[in-house]
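Undergrad: Structure incoming, see below.
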Amino acid sequence: MLLLLAVTAPTALLFGFGGAIAARARVLPVRWLGRAYIAIVRGVPDIAFFLFFVIALDQGIEWVRHQALCPDWTLPVRQGSDFVVCAAAKMPSSNAPQWVHEVYGFAIAVVTFAIVFGAFAANVLHGAMMAVPRAQIETAEAYGMSRAQAFRRIVVPQMWVYALPGLSNLWMVLIKATPLLFLLGIEDVVYWARELGGTKTPQFTDYPHGDWRMWYFLALLVFYLGLTRVSEIALDRLMARLTFGQAVAR
Amino acid sequence: MSCWDTVQDYALRSIGIGERLLPRDDFTLCKQVVLIGSGMIWNVYFGVLALSMGFFLAVALAMGKAARRTVLRKPSEWFIFLFRGSPLFIQFFFAYFVFLSLKGRSAIFDPFTAAWAGALVVLFFNTAAYSGEIFYGALRAIPRGDMEAAEAYGLTGWTRFRRITFPTMLRLAWPAYTNEAIFLFHATTLVFFTGFPAWQQRGDALYYASYFADRTFNPFVPYPILALYFIGLTLCIAALFGKASRRLNRHLPAERRRKMSLRPNFLR
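Chains A and B are the protein sequences, given in the same order.
The first sequence lines up with residues 114 to 363 when you count with our numbering.
The second sequence lines up with residues 54 to 321 when you count with our numbering.
Rendered as structure tokens:
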């Protein structure tokens, strides 16, 4: 679960950066694409997105491989309630060892998280880019920088201060979204809390006990409280450091 | 079977009226739209009740957190921290198993192991904590001059709260509270994916959507239908709250009215 946090946060930031750039692009279709990405992901419950993307990504990849690897396959891919692709297009291939399947499932979960949280991050970064004082960009132009140069040298370094409150909020949300991993069929803490906590009778195990699931989830609850509290303090410190000497009203 | 028959069979399926069995084959578009729409009844039920009850607890929590007396302040602070600092998902699980073990002790807790009461309690506390924090922020942002003016008029205690503090707080908190309402409705989709069982397959919209996705192995139909329903619901809430906002701000000159903007907010 902590691995997921560590992997997803930068990926989501990357997605967000792309989305924010797209949303302020000068080419109209690209701008629409960026805006639509942000708007749709925000308007729909994210858990629906998690459930959707896991299957959609899986099928999408298999479909692309199917088109590429088996050009002479004549049957339709969707047969009634089945999704059939040729054996070579299976991803991961059916004879792969168990750990490959697990890693693949985990990777898809990460991409799904990144897509959803990327939209949130895109929104925050978009706002932050707009918040960089106009005079700064005008000064850059006066120095003869091109649009790209001004963006790279002036806007990006300065936007972080404006983005940080939103991003720290996002980080909290990301922490609180990690148990949803359970829904994506990955055996994470929630899964184990349910499995191990359930009533055990002496017939099946050496350590019989009653229904302990309540206590397992209490422990999880406390764990998450601690996690959010610690990151709250850390982010406050970071914010104080970043705004040091900056003319930002707080 | 025409589409109208399907509507008669499944439109109220989620509250147990109509056809008993869920469709097993021949998943037409009509069936999916009707059944997922039927599930929306539960989402609206949870959202509306939790929001309307949570509002009062939220105001109480905000007043408590802003109070000078430690006896009042600490419990509110802890309550808000507890529900805002932990994932709603885990809260659902925990609450379910707590109710399950309490059920053994006393029959009073029987309904709480079912989603309609148990999940409602969790959502109620959760939204109260989140909106309590919003109201607390608004309470701190009330202009000093307003309070001083109230004092100059000799308003104290309850009268001052009713006529100055509360309306101003509401007005300042409203845009953020609108977001909270929208995301509470989104959070209602979690209910049937945690411990709470969907008795006789009476589930919410996402429950049916994932049912269809599992059966047809095609996520590209049910989930977009669900998305459309939720976008519609979001627009309804935004319109309703916008109306309330206009009423709250009706005494202000037009250019001072802050434009209601739907800013990003996140799942919990």
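Note that the Cβ used here is the ideal one computed from N, Cα and C, for glycine as well.
Looking only at its chain, what residues have a beta carbon closer than 6 Å to the beta carbon of A:L340, apart from the 5 residues adjacent to it on each side?
TA: I288
Undergrad: Is it the case that the Cβ atoms of B:T218 and B:I187 are separated by a distance below 8 Å?
TA: no
Undergrad: Please report the straight-line C-alpha distance between B:N179 and B:Q144, rounded to a whole angstrom.
TA: 9 Å
Undergrad: Short of 7 Å in beta carbon distance, which residues of its chain neighbour B:F99, apart from the five on each side in sequence? Order them along the chain.
TA: Beyond the five residues adjoining it in sequence on each side, B:F99 comes within less than 7 Å, by CB distance, of A172, L173, L176, T241 and V244 in the same chain, given in chain order.
Undergrad: What whole-angstrom Cβ distance do B:Y183 and B:E233 have, given they're in contact under 8 Å?
TA: 5 Å
Undergrad: Nearest to A:R247 by alpha carbon, out of A:M272, A:V229 and A:T225?
TA: A:M272
Undergrad: Going by DSSP, what residue range makes up the alpha helix (DSSP H) through B:P250?
TA: Run containing B:P250: none; DSSP gives neither H nor E here.
Undergrad: Figure out for me which residue from B:R122, B:T231 and B:I70 has the closest Cα to the Cα of B:L286.
TA: B:T231
Undergrad: With a threshold of 7 Å on Cβ separation, who are the neighbours of A:I151 within its own chain once the five nearest residues in sequence on each side are excluded?
TA: Within its own chain, the residues whose Cβ lies closer than 7 Å to the Cβ of A:I151, once the five positions on either side in sequence are excluded, are G132, A136, A232, A235 and N236, listed in chain order.
Undergrad: Using 10 angstroms around the beta-carbon of B:Q85, count the other beta-carbons present and answer buried if the total reaches 16, otherwise exposed.
TA: buried
Undergrad: Go ahead and label B:S159 buried or exposed: buried means 16 or more other beta carbons lie within 10 angstroms of its beta carbon, across all protein chains shown.
TA: exposed
Undergrad: Short of 8 Å in beta carbon distance, which residues of its chain neighbour A:T121, apart from the five on each side in sequence? Order them along the chain.
TA: V223, F226, A227, F230 and L287
Undergrad: Inspect the CB distances between the segment 69 to 79 of chain B and the segment 145 to 159 of chain B and report whether three or more fall short of 8 Å.
TA: no
Undergrad: Within 8 Å (strictly less), CB to CB, does A:M327 reach chain B?
TA: Chain B places a beta carbon closer than 8 Å to that of A:M327, counting this residue as a contact.
Undergrad: For A:A362, I'd like the list of residues in its chain whose CB is within less than 7 Å of its CB, leaving aside the five on either flank, ordered along the chain.
TA: For A:A362, the predicted structure reports a pLDDT of 44, less than 50, and the residue's modelled location is therefore unreliable. A value from the coordinates is still provided. Cβ within range, chain order: n/a, list empty.
Undergrad: Considering only residues of the same chain and omitting the five flanking positions on each side of A:A241, which have a CB-CB separation below 6 Å?
TA: M272, Y275 and A276
Undergrad: Looking at chain A, is there any beta carbon in it that lies within less than 8 Å of the beta carbon of B:Y47?
TA: The first residue shown for chain B is 54 and the last is 321, placing residue 47 of chain B beyond what the model contains.
Undergrad: For the candidate residues B:A181, B:Q253 and B:A291, whose alpha-carbon lies nearest to that of B:L110?
TA: For B:L110, the nearest C-alpha among the options comes from B:A181.
Undergrad: Using beta carbons (cut-off 8 Å, strictly below), is B:L243 in contact with chain A?
TA: yes
Undergrad: Helix, strand or coil, according to DSSP, for B:F319 in the structure here?
TA: Caution applies to B:F319, whose pLDDT of 43 falls short of 50 and renders its modelled position unreliable; the model cannot decide the point.
Undergrad: Using beta carbons (cut-off 8 Å, strictly below), is B:V174 in contact with chain A?
TA: no
Undergrad: Counting C-beta neighbours from all protein chains within 10 Å, is the total for B:L320 16 or more, i.e. buried, or is it exposed?
TA: In this predicted model, B:L320 has a pLDDT of only 42, less than 50, meaning its place in the structure is not dependable enough to derive any value.
Undergrad: Can you tell me where the alpha helix (DSSP H) holding B:E72 begins and where it ends?
TA: Looking at the DSSP string, B:E72 is not in any alpha helix (DSSP H), and its letter there is neither H nor E.
Undergrad: Indicate the three-state DSSP secondary structure (helix, strand or coil) for B:Y230 in the structure shown.
TA: helix
Undergrad: So what does DSSP say about A:N282, is it helix, strand or coil?
TA: A:N282 sits in a helix when the DSSP states are folded into three classes.
Undergrad: Mind checking the segment 269 to 288 of chain B against chain A and listing, in chain order, the residues whose C-beta falls within less than 8 Å of any C-beta there?
TA: T269, F270, N271, P272, F273, Y276, L279, A280, F283, I284 and T287
Undergrad: I'd like to check one pair, B:Y261 with B:I89: are the Cβ atoms closer than 8 Å?
TA: yes
Undergrad: Can you find the residues in the same chain that come closer than 8 Å, C-beta to C-beta, to A:M258, ignoring five residues on each side of it along the sequence?
TA: R266 and I267
Undergrad: What did DSSP end up calling A:W325 once you bin it into helix, strand or coil?
TA: coil
Undergrad: In three-state terms, what does DSSP make of B:S67?
TA: helix
Undergrad: If you check the beta carbons only, do B:P220 and A:F165 fall under 8 Å apart?
TA: With contacts defined by Cβ atoms closer than 8 Å, B:P220 and A:F165 do not form a contacting pair.
Undergrad: Should B:T59 go down as buried or exposed, given a rule of 16 or more other Cβ atoms within 10 Å for buried?
TA: Answer is buried; the Cβ neighbour count reaches 16.
Undergrad: Taking 8 Å as the CB-CB cut-off, is B:G107 touching chain A?
TA: No, because no Cβ of chain A sits closer than 8 Å to the Cβ of B:G107.
Undergrad: How would you write the range of the alpha helix (DSSP H) that B:T81 sits in, first residue to last?
TA: Unbroken run through B:T81: none, as it is neither H nor E.
Undergrad: Using the beta-carbon of each residue, which ones in chain A are nearer than 7 Å to B:I324?
TA: The first residue shown for chain B is 54 and the last is 321, placing residue 324 of chain B beyond what the model contains.
Undergrad: With distance defined between alpha-carbon atoms, name the residue in B:F270, B:I161, B:T269 and B:K118 nearest to B:G185.
TA: B:K118
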